[in-house]
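Worksheet for the structure shown next.
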Amino acid sequence: MSDDPLPRVFAAEPIRTQVRAAVARAWRDAIESGALPPIPGDTPVPEVDVERPSDPAHGDFASNLAMRLARPYRMAPAVIAEALATQLERAAAEPTTSTPVATAEVAAPGFLNMRLGDAALETTVAAVLDDPAGWGRVEARGARTVNVEFVSANPTGPLHVGNARGAFIGDLLSRVLEAGGQRVTREYYFNDSGGQIRNLGATVAALRRGDPIPEDGYKGTYVDELADSLPDDVWSTATAPGADTDGLIGKWAAGRVRLGIEASLEGLGVHFDVWTSEARLHDEGWVTRAVERLREHGHVYDQDGAVWFRSTAFGDDKDRVILRSNGEPTYFAADIGYVTEKFSRGFDHLIYIWGVDHHGTVARLRNAAGAMGYDREAVQILLYAWVHVIRDGGQVSMSKRRGDFVTLDEFLGEVGPDAARWFFASRAVTTEIDFDIEIFKKQTNENPVYYVQYAHARIASILRKAAEAGLAPAGDVTGALLGAPEAALARAIVRFPEVVEDAVASEETLGLTAYATDLATTFHGFYRDARVVDQDAPARSASRLALASAARITLANTLALLGISAPDSM
RNA sequence: GCGCCUGUAGCUCAGUGGAUAGAGCGUUGGGUUCCGGACCCAAAGGUCGCAGGUUCGAGUCCUGUCGGGCGCGCCA
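Quick note on my numbering: the first sequence kicks off at 167 and runs consecutively.
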């Protein structure tokens with residue numbers, strides 16, 4: 167490995183990308199040098215990829231390329247791996263070649279195990295310190311303007327814990343996409359015109375009159391509060407002769423509930439850029455025009471007085487009504503109108519975050535988008551599984567109509583937004599999860615979020631201590647990897663952009679929480695083994711402070727990506 | 001009945017076709033004259049629901065099967 171610092175540009179891409187390129191180059195070099203034959207033109211060429219081995223004894227990166235080449239080459243994997251390893255080490259010994267790989271060895275049955283050189287680690291750590299804000303932003307691949315629509319709960323009652331999951335998933339995904347270089351609009355769609363709103367209005371009106379709640383009406387203390395706070399002028403207008411009482415009261419109540427929903431979401435740290443009213447979509451003709459558009463494309467027909475979308479042409483079980491025989495559009499009609507409205511705003515990708523109960527409508531919406539001439543692939547729906555809230559050993563219901571549910575606000579009062587975010591961020595969206603409020607409260611000090619925040623606070627404290635002692639982090643980290651504790655910490659730090667890349671690609675955040683926990687653990691080990699603040703060894707202190715500082719930045723950026731605070735003390 | 005999701009340690013959950021299946025909590029046993037003990041180290045704990053198949057290699061892919069969840073409206 168060369169002693170010369172690697173060019174600055176080298177650190178701009180994740181080390182994994184650099185290693186991948188090094189392996190691909192080694193393969194080309196092996197062919198050019200005659201160590202490996204050229205690959206026959208008619209055989210599929212395997213993709214060069216590298217992975218982080220689970221066992222650290224296998225090095226920093228491993229590649230299975232040799233095993234994948236065994237078949238096309240009709241050669242033993244170990245022989246191929248040996249040829250690749252030879253080229254990798256030759257490149258490492260070449261002073262003019264910049265490669266992150268210092269050593270490469272072959273392990274049965276044909277793994278290529280590689281170890282990073284100190285220079286690559288140092289260059290990356292230096293890049294962290296140079297540009298803390300940019301650390302963890304990854305190169306935009308196919309940069310897009312994305313609309314992420316989530317929560318979108320009807321304004322017929324307060325948000326409950328189930329809505330919290332959708333809220334966090336949408337916000338977390340938005341943050342991850344932004345880190346991946348995409349422009350994201352967070353959007354909330356609220357239904358302020360349907361039958362459920364009239365139903366809410368009927369409930370509130372009945373309560374106001376002192377009548378019993380209608381059979382399908384809403385229950386819960388919040389409807390009593392709505393009835394109590396209904397202004398007299400709204401009431402008199404709504405009950406004037408010929409007035410649509412349920413509709414007018416429902417509209418008022420929905421507006422009122424929406425304000426509460428916004429406040430609840432603010433409590434989660436979730437902010438929406440755009441609130442779209444379903445009534446507005448209808449008023450502005452989006453729904454009508456979407457139906458016309460389908461008709462122009464020949465995907466619509468009239469039968470039994472209704473207008474149908476020929477969804478069977480796209481593999482659906484049956485065709486679907488879009489305009490009812492009474493002339494009213496269905497919910498599905500509003501959905502397709504909304505698709506056209508969203509695309510008209512210039513988004514090239516639409517993401518919907520829905521609960522699993524909507525999975526039946528996923529294909530239908532995408533098909534309708536395709537039928538209107540949009541790219542079906544540009545409409546993506548992410549389904550999340552249910553949350554079972556457990557309290558006192560029993561499952562808590564989440565039925566709004568029964569009025570018997572844990573509201574989001576109650577929930578947040580008990581667990582706090584950071585802990586709640588961590589909980590949802592660390593679980594795959596498709597996993598049904600049990601949330602035992604009692605256990606969560608009881609184990610609050612053992613929760614991994616506090617473990618990570620503690621590591622951050624601990625580093626901040628060390629940096630303060632160092633400043634008091636007149637010690638500063640080294641400006642030049644060359645040679646900072648003095649021993650095993652330093653090397654282990656640097657290795658953990660440089661992994662961050664890969665974790666972000668994986669999060670962007672998988673549209674999941676659990677890799678980020680796992681990484682944060684791992685980095686915190688690595689730092690605690692570093693802290694145990696390497697005294698950082700030591701006035702008797704200022705140069706060594708400076709090196710270790712630089713690493714500690716890079717670790718703090720990385721933890722802070724990981725937490726920021728999750729929307730979780732990174733306290734300097736706790 | 002058809003379709004989608006799901007089944008991994010006592011509990012809650014990870015695990016992009018790779019090497020000895022992991023983490024946190026819980027349990028047991030250790031650790032600090034020193035930068036934050038909300039910490040660290042170690043141990044115990046698994047027929048990856050079950051049965052076949054695909055291949056150099058399967059928790060991962062395919063088929064079947066059993067259990068759990070959800071969906072199959074001119075509701076939203």
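Ideal Cβ positions, reconstructed from N, Cα and C, are used throughout, including at glycine.
Query, Result
"Inter-residue spacing [alpha-carbon to alpha-carbon] between His690 and Asp684", "10 Å"
"Any alpha helix (DSSP H) of 4 or more consecutive residues that is wholly inside the stretch 432-501", "444-449 and 452-462"
"Beta bridge counterpart(s) of Val350 as assigned by DSSP", "Val312"
"Simplified DSSP state of Tyr616, which is helix, strand or coil", "helix"
"For Tyr355, the nearest candidate out of Glu507, Arg624, Ala703 and Glu462 (CA to CA)", "Glu507"
"Nearest to Val453 (by Cα), restricted to the options Val436, Ala429, Ala534 and Glu288", "Ala534"
"Every unbroken alpha helix (DSSP H) within the stretch 360-418, with a cutoff of 4 residues, ordered by chain", "361-375, 387-395 and 398-404"
"Extent of the continuous beta strand (DSSP E) to which Arg281 belongs", "Phe277 to Leu282"
"Enclosing alpha helix (DSSP H) for Leu516 [first to last residue]", "Segment His515 to Gly521 is the beta strand (DSSP E) holding Leu516; no alpha helix (DSSP H) there."
"Residues near Arg174 by beta carbon distance below 6 Å, same chain, minus five either side", "Its pLDDT being 34, under 50, Arg174 is placed unreliably by the model, and nothing is read from it."
"Cα-Cα separation between Gly367 and Glu450, rounded to whole angstroms", "24 Å"
"Same chain only: Cβ atoms within 6 Å of Glu179, ignoring 5 sequence neighbours per side", "none"
"Burial state of Pro651, where buried means 16 or more other Cβ atoms lie within 10 Å", "buried"
"Endpoints, the alpha helix (DSSP H) within which Ile719 is located", "Pro704 to Leu728"
"heavy atom of the ligand FMN below 7 Å from Asp221 C-beta", "No copy of the ligand FMN occurs in the structure displayed, which carries no ligand at all."
"Selected residue, minimal CA-CA separation from Ile415, among Pro321, Thr311 and Arg218", "Pro321"
"Residue from Leu727, Asn365 and Asn279 whose Cα sits closest to the Cα of Asp382", "Asn365"
"Nearest neighbour of Ile205, chosen from Ser229, Val185 and Met241 [CA to CA]", "Met241"
"Burial state of Asp399 (16 or more Cβ within 10 Å)", "exposed"
"Proximity of Leu548 and Gly521 at Cβ, strictly below 8 Å", "no"
"Inside the stretch 584-670 only - alpha helix (DSSP H) runs reaching at least 4 residues", "603-608, 614-634 and 650-660"
"Simplified DSSP state of Thr675, which is helix, strand or coil", "coil"
"Buried/exposed call for Ala409, threshold 16 Cβ in 10 Å", "exposed"
"CB contact flag (Leu769, Leu235, <8 Å)", "The question about residue 769 has no answer, for the chain in this structure spans 167 to 736."
"Of the residues Ala479, Ser491, Asp358 and Arg424, the one placed nearest Ser443, counting alpha carbons only", "Asp358"
"Nearest-angstrom Cα separation, counted from Ser707 out to Ser168", "Only weak support exists for where Ser168 lies, its pLDDT of 36 falling under 50; the coordinates are left without a value."
"8 Å Cβ cutoff met for Leu447 and Ala500", "yes"
"Candidates Asp337, Ala445, Leu392 and Tyr617, of which the one nearest Pro360 by Cα", "The amino acid at residue 360 is misidentified as Pro; the sequence shows Gly. The candidate whose alpha carbon is nearest that of Gly360 is Ala445."
"Span of the alpha helix (DSSP H) around Val258", "As written in the sequence, residue 258 is Ala, which differs from the Val given in the question. Pro243 to Ala259 is the span of the alpha helix (DSSP H), which, as asked, contains Ala258."
"Inter-stretch contact at 8 Å, needing at least 3 Cβ pairs: the stretch 485-503 / the stretch 428-441", "no"
"First through last residue of the alpha helix (DSSP H) which encompasses Val581", "Leu574 to Val581"
"Which listed residue (Val643, Ala551, Lys631 and Thr573) has its alpha carbon closest to that of Asp600", "Ala551"
"Option in Pro298, Ser220 and Thr263 with minimal Cα separation from Arg191", "Thr263"
"Pairwise C-alpha distance: Ala309 and Asn723", "21 Å"
"Beta-carbon proximity list for Val272, same chain, < 7 Å, skipping 5 on both sides", "Ala244, Ala247, Glu248, Ala251 and Leu278"
"Within 8 Å, strictly: CB atoms of Trp313 and Leu531", "A small fix is needed here, since residue 313 is Asn in this sequence, not Trp. For Asn313 and Leu531, no; Cβs fall outside 8 Å."
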